[in-house]
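Inspection log for the structure reproduced underneath, given as structure tokens.
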Amino acid sequence: MELQAAKYASSLHKLLTKFKGVKKQGKELAESICSRKTENKSEDFDKKLNQKCANLLELSESANSIGLTMIENSKKWKSLPKAFSLMSESTDLISKSSCCEISNETESVAKQIIKQASLWINLCGKIYHLEERDDLVYIVACWAHQPLVNENAFEMLAAKSKYISAYSA
61 MELQAAKYAS SLHKLLTKFK GVKKQGKELA ESICSRKTEN KSEDFDKKLN
111 QKCANLLELS ESANSIGLTM IENSKKWKSL PKAFSLMSES TDLISKSSCC
161 EISNETESVA KQIIKQASLW INLCGKIYHL EERDDLVYIV ACWAHQPLVN
211 ENAFEMLAAK SKYISAYSA
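Under my numbering, the first residue of the sequence shown carries the number 61, and numbering increases by one thereafter.
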């Protein structure tokens, strides 16, 4: 039981860490795109800018994939107590109530990540054609601050998954 929980927790922690990396890369890329757009006001096709926009879209789609994989992880946490009939109700680190709690938290954060990724994908479709500085700054802010993901819930889930994977292994 503990080994299975450690496996799920480790997988979850890797997904959350990967999302942090996607967010960081996306923010840097969005800043680079906005900088290039404000410096280069040419009407000509900009191959480098086009490639950066394509890369930003790939990162957005990667974030969506992370969210979907987290949904699957939440289902595993929900089913874990069913696989171990002797699991305690709520006294141990890995209990029926803690598995249900982790499942719900994971699903909630995953849905937030999917919504955030959808926003990023939508913005990627617009960034190439935007010219106004305020519009470009908004896009960078959406990558930097991920307004649709509760940062506290995200960090608590990351800490919890890291602890369980280390404790149970």
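The C-beta atom is built at its ideal place from N, Cα and C for all residues, glycine as well.
For Leu208 and Lys175, I'd like the C-alpha separation in whole angstroms. 7 Å
Taking the alpha-carbon of Asn110 as reference, which of Val82, His73, Cys94 has the nearest alpha-carbon? Cys94
Assuming Ser134 and Ala170 make a contact with CB atoms under 8 Å, what is their CB distance in whole Å? 6 Å
Could you compute how far the alpha carbon of Leu196 sits from the alpha carbon of Ala213? 28 Å
Assigned exposure category for Glu165 - 16 Cβ within 10 Å defines buried: buried
Excluding the 5 residues flanking Ser150 on each side, which residues of the same chain have their C-beta closer than 8 Å to its C-beta? Lys156, Ser157, Ser158
Report yes if the CB atom of Ile199 is closer than 8 Å to the CB atom of Leu117, and no otherwise. no
Beta-carbon separation of Lys142 and Cys160 under 8 Å? no
Please check the pair Ile224 and Leu153, which I expect to be a contact at CB under 8 Å, by giving their CB distance rounded to whole angstroms. 7 Å
Along the chain, where does the alpha helix (DSSP H) that runs through Asn210 open and close? Here Asn210 belongs to no alpha helix (DSSP H), and DSSP marks it neither H nor E.
DSSP state of Ile187, grouped into three classes? helix
Using the C-alpha atoms, what's the distance from Glu167 back to Lys87? 25 Å
How would you call Lys84, buried or exposed, if buried means at least 16 neighbouring beta carbons within 10 angstroms? exposed
Glu118 in three-state terms, based on DSSP: helix
Classify Ser145: buried if its beta carbon has 16 or more other beta carbons within 10 angstroms, exposed otherwise. exposed
The alpha helix (DSSP H) enclosing Gln145, as first and last residue numbers: It is worth fixing the name first, because residue 145 is Ser in this sequence and not Gln. Taken as a continuous stretch (DSSP letters only), Ser145 belongs to no alpha helix (DSSP H), as it is neither H nor E.
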